[in-house]
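For the sequence shown, our numbering assigns the number 1 to the initial residue and increments by one for each residue that follows.
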Amino acid sequence: MSYQNPPTKPRPSATFDEYTMSEIRRAAATGIYDIRGAGAKRKLPHFDDLLFLGASISRYPLEGYREKCDTNVILGSRFAKKPIELKIPITIAGMSFGSLSGPAKEALGRGATIAGTSTTTGDGGMTEEERGHSQLLVYQYLPSRYGMNPKDLRRADAIEIVIGQGAKPGGGGMLLGQKISDRVAEMRTLPKGIDQRSASRHPDWTGPDDLEIKIMELREITNWEKPIYVKVGGARPYYDTALAIKAGADVVVLDGMQGGTAATQEVFIENVGMPTLACIRPAVQALQDLGMHRKVQLIISGGIRNGADVAKALALGADAVSIGTAALIAIGENDPHWAAEYEALGTTAEAYDDWHEGKDPAGITTQDPELMKRVDPVAAGRRLANYLKVMTLEAQTIARACGKNHVHNLEPEDLCALTIEASAMAQVPLAGTNWIPGKGGY
1 MSYQNPPTKP RPSATFDEYT MSEIRRAAAT GIYDIRGAGA KRKLPHFDDL
51 LFLGASISRY PLEGYREKCD TNVILGSRFA KKPIELKIPI TIAGMSFGSL
101 SGPAKEALGR GATIAGTSTT TGDGGMTEEE RGHSQLLVYQ YLPSRYGMNP
151 KDLRRADAIE IVIGQGAKPG GGGMLLGQKI SDRVAEMRTL PKGIDQRSAS
201 RHPDWTGPDD LEIKIMELRE ITNWEKPIYV KVGGARPYYD TALAIKAGAD
251 VVVLDGMQGG TAATQEVFIE NVGMPTLACI RPAVQALQDL GMHRKVQLII
301 SGGIRNGADV AKALALGADA VSIGTAALIA IGENDPHWAA EYEALGTTAE
351 AYDDWHEGKD PAGITTQDPE LMKRVDPVAA GRRLANYLKV MTLEAQTIAR
401 ACGKNHVHNL EPEDLCALTI EASAMAQVPL AGTNWIPGKG GY
């Protein structure tokens, strides 16, 4: 009786997986790097790797919805005459007009106003849609200076100096020519239809001493009324936070690498920066070392999805969070309703990230007049407000379960980690132990 060995199943390479090989072939065929939007798609340590320790005998919980748990936050109380007062600790991140359509910007403003929070302009200047429907609007001051003028600085409720972004710390913005319409070209003083790259650094300073001068200039322009934020990408959070504080910032915005972007090189998105979870504790440590924790507010962004993420960021020491990608999904981005049209573009509703091409079937990341008509700003704004309400209720539910009457009373002691990596990054004990890597315990 003869015996034949059964065939061996081919083993795919973990290093040269299907996507990696397809990218090598694409690069070899085109000679250009890949550009896309959204944020990092690789799996990273994140808030899912943390759990809350609810109250039992050793802690006293608050009763359901009957006992008060506040969510308000004041941003910019250090120097500004008119700090921003929010009802919830969740803000809308900067996303430019040009990257987004006018109706999408209006929807963001409407939703944020209903929820009692702020929205942010992004690159490219201030649109009337957003200013007209945002009760509280933060004006981004970027290296490009597109759309920047003293009038709009004074019309804003706060100013955010953008030094870095989580998806591309050290890199500038991109806006391809097909999205530079007549209106976008006029606002940015650019030729219509020509690709645009924003600078990676501000043209008029080279370090923190110059940043201090710039902050003083902006305070003088706005009569010391507006809070001045400084936004940095998650790379060296301790030193960047400390230098922003010393330069005079009222608020520090720290964006981890899960943060999205309208368009940049994929090699940037996936290989530059640090996970959001790894950024928070060093930034908080800098605030504490300078005696500025809760005096200079810290806003965390990059991959915030639900109320649990909000609560965990606050427990680790943040004052508020900011959302971008999640807000776009709430108003209709990547909606399966347009699945057939996404597939016609060679992608899926769940994976669509070619926002830079201006062909978005949902009408949100486009300047196409016909596609933009698909966005109902009123209905989309209500959806965003509903989403923000749910996130806030979820954060309150967790805070009450931990015995807190304000979400800002959450603390690292309320958390444990599921993995050694998350324990080290968040500096909270590994579940079932009191051990933090590098800090001893058992």
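Backbone N, C-alpha and C fix where the C-beta goes; we use that ideal spot for every residue, glycine too.
Touch test, the stretch 168 to 176 against the stretch 203 to 214, Cβ-Cβ under 8 Å, three pairs minimum = no
Exposure label - S13; buried when at least 16 CB within 10 Å = Residue numbering aside, residue 13 sits at position 13 when the sequence shown is read from its first letter. By the 10 Å Cβ count, S13 comes out exposed.
Contact belief for M148 with G324 at Cβ below 8 Å, rounded distance in angstroms | Residue mapping note: residue 148 aligns to position 148 of the sequence shown, counting from 1. Residue mapping note: residue 324 aligns to position 324 of the sequence shown, counting from 1. Actually they are not in contact, since the Cβ atoms of M148 and G324 sit about 21 Å apart, beyond 8 Å.
Whole-angstrom distance between P412 and L287, CA atom to CA atom | Looking up residue 287 in the sequence shown gives position 287. Looking up residue 412 in the sequence shown gives position 412. Whole-angstrom Cα-Cα distance: 16 Å.
Tell me, please, whether the stretch 96 to 110 touches the stretch 118 to 130 by the rule of three or more beta-carbon pairs shorter than 8 Å.
-> yes
Burial state of Y65, where buried means 16 or more other Cβ atoms lie within 10 Å = Taking the first residue of the sequence shown as 1, we reach residue 65 at position 65. Under this definition Y65 is an exposed residue.
Nearest CA to the CA of K460: which residue from Q258, S144, P429?
-> There is no way to answer for residue 460, as the model of the chain reaches only from 1 to 442.
Considering only the beta carbon of each residue, do T365 and M372 sit closer than 8 Å?
-> Counting from one through the sequence shown, the residue named residue 365 turns up at place 365. Counting from one through the sequence shown, the residue named residue 372 turns up at place 372. For T365 and M372, no; Cβs fall outside 8 Å.
Might you give, ordered along the chain, the residues of its own chain that have their beta carbon closer than 8 Å to the beta carbon of M216, omitting 5 neighbours on each side?
-> In the sequence shown, residue 216 corresponds to position 216, counting from 1. For M216, where only same-chain residues beyond five positions count, the Cβ hits under 8 Å are G248.
So which of I194, A242, I163 has the shortest CA-CA distance to Q178?
-> Residue 178 sits at position 178 when you count from the first residue of the sequence shown. Q178 has its Cα closest to that of I194, out of I194, A242, I163.
Looking at C-beta atoms only, is the number of pairs between the stretch 269 to 277 and the stretch 32 to 52 that lie closer than 8 Å three or more?
-> yes
Who are the Cβ neighbours of V267 in its own chain at under 7 Å, not counting the five residues just before and after it?
-> Position 267 of the sequence shown, counting from 1, holds the residue named residue 267. These residues qualify, in order along the chain: Y33.
Meets three-Cβ-pair contact criterion under 8 Å: the stretch 317 to 332 and the stretch 80 to 92 = yes
Where does T241 fall in DSSP's three states?
-> On the sequence shown, residue 241 is found 241 positions in, with the first residue counted as 1. Helix at T241.
Delimiting residues of the beta strand (DSSP E) encompassing Y33 | Indexing the sequence shown from 1 puts residue 33 at position 33. No beta strand (DSSP E) holds Y33; DSSP gives it neither H nor E.
3-residue-minimum beta strand (DSSP E) runs that sit fully inside the stretch 159 to 239, ordered along the chain | 228 to 233
How would you call M187, buried or exposed, if buried means at least 16 neighbouring beta carbons within 10 angstroms?
-> Locating residue 187 in the sequence shown gives position 187, counting from the first residue. Result: buried.
Whole angstroms is fine: what's the gap from S144's alpha carbon to P10's?
-> In the sequence shown, counting from the first residue as 1, residue 144 sits at position 144. In the sequence shown, counting from the first residue as 1, residue 10 sits at position 10. Computed Cα separation, rounded: 51 Å.
Does the separation of the CB atoms of L415 and A330 fall below 8 Å?
-> Residue 415 sits at position 415 when you count from the first residue of the sequence shown. Residue 330 sits at position 330 when you count from the first residue of the sequence shown. In this structure, A330 does not lie closer than 8 Å to L415 by Cβ.
Is H46 helix, strand or coil when you go by DSSP?
-> Taking the sequence shown and counting its residues from 1, the one referred to as residue 46 is at position 46. Note: H46 maps to coil in three-state DSSP.
Under a Cβ-count criterion, where at least 16 other Cβ atoms within 10 Å of its own Cβ denotes burial, should Q4 be classed as buried or exposed?
-> For the purposes of this step, residue 4 is taken as residue 4 along the sequence shown, with counting starting at 1. Label assigned to Q4: exposed.
Other residues of its chain near D353: CB distance less than 6 Å, five sequence neighbours each side excluded = Position 353 of the sequence shown, counted from the start, is the residue given in the question as residue 353. Cβ within range, chain order: R36, G37, A38.
Would you say R281 faces chain C, with C-beta separation under 8 Å as the test?
-> Of the chains in the structure shown, none is chain C; there is only one protein chain.
Compare the beta carbon distance of R400 and P7 with 8 Å and say whether it is the shorter of the two.
-> Locating residue 400 in the sequence shown gives position 400, where the first residue counts as 1. Locating residue 7 in the sequence shown gives position 7, where the first residue counts as 1. No.
Please classify D255: does DSSP put it in a helix, a strand, or coil?
-> Numbered from its first residue, the sequence shown carries residue 255 at position 255. If DSSP states are grouped into helix, strand and coil, D255 belongs with the strands.
Taking K226 as the reference, give the member of I280, D157, P203, V251 with the closest Cα.
-> Stepping through the sequence shown from its first residue, residue 226 is reached at position 226. That would be D157, whose Cα lies nearest to the Cα of K226.
Closest by C-alpha distance to D70, when choosing among A426, I436, L393, E421 = The residue you call residue 70 lines up with position 70 of the sequence shown. Closest option to D70, Cα to Cα, is L393.
Residues sharing a beta bridge with L430, DSSP | Indexing the sequence shown from 1 puts residue 430 at position 430. For L430, which the question treats as bridged, DSSP gives the partners A417.
A379: which of G346, N409, K359, G332 sits nearest, CA to CA?
-> Within the sequence shown, the letter at position 379 stands for residue 379. For the residues G346, N409, K359, G332, the minimum Cα distance to A379 belongs to G332.
If you drop the 5 nearest sequence neighbours on each side, which residues of the same chain put their C-beta closer than 7 Å to that of G381?
-> The residue given as residue 381 occupies position 381 in the sequence shown. Contacts found: A107, R110, G111, I114.
Measure from the alpha carbon of G303 to the alpha carbon of each residue in V252, E160, F16, D48, then state which is nearest.
-> As a position in the sequence shown, residue 303 is number 303, starting the count at 1. For the residues V252, E160, F16, D48, the minimum Cα distance to G303 belongs to D48.
In angstroms, rounded to a whole number, what distance separates the CA positions of L53 and S22?
-> For the purposes of this step, residue 53 is taken as residue 53 along the sequence shown, with counting starting at 1. For the purposes of this step, residue 22 is taken as residue 22 along the sequence shown, with counting starting at 1. Cα-Cα distance, rounded: 44 Å.
In the DSSP assignment, find the alpha helix (DSSP H) that holds I398 and state where it starts and stops.
-> The residue labelled residue 398 in the question sits at position 398 within the sequence shown. Unbroken alpha helix (DSSP H) run through I398: 377 to 401.
Skipping 5 residues on each side, what residues in its chain have a beta carbon closer than 8 Å to that of Y238?
-> One-based indexing of the sequence shown puts residue 238 at position 238. Taken in chain order, the residues that qualify are P282, A283, Q285, A286.
Leaving out five residues before and five after M292 in sequence, what residues of the same chain have Cβ atoms less than 6 Å from its Cβ?
-> For the purposes of this step, residue 292 is taken as the residue at position 292 of the sequence shown. Taken in chain order, the residues that qualify are I245.
May I ask you to list the residues that DSSP assigns as paired with Y141?
-> On the sequence shown, residue 141 is found 141 positions in, with the first residue counted as 1. Bridge partners of Y141: I161.
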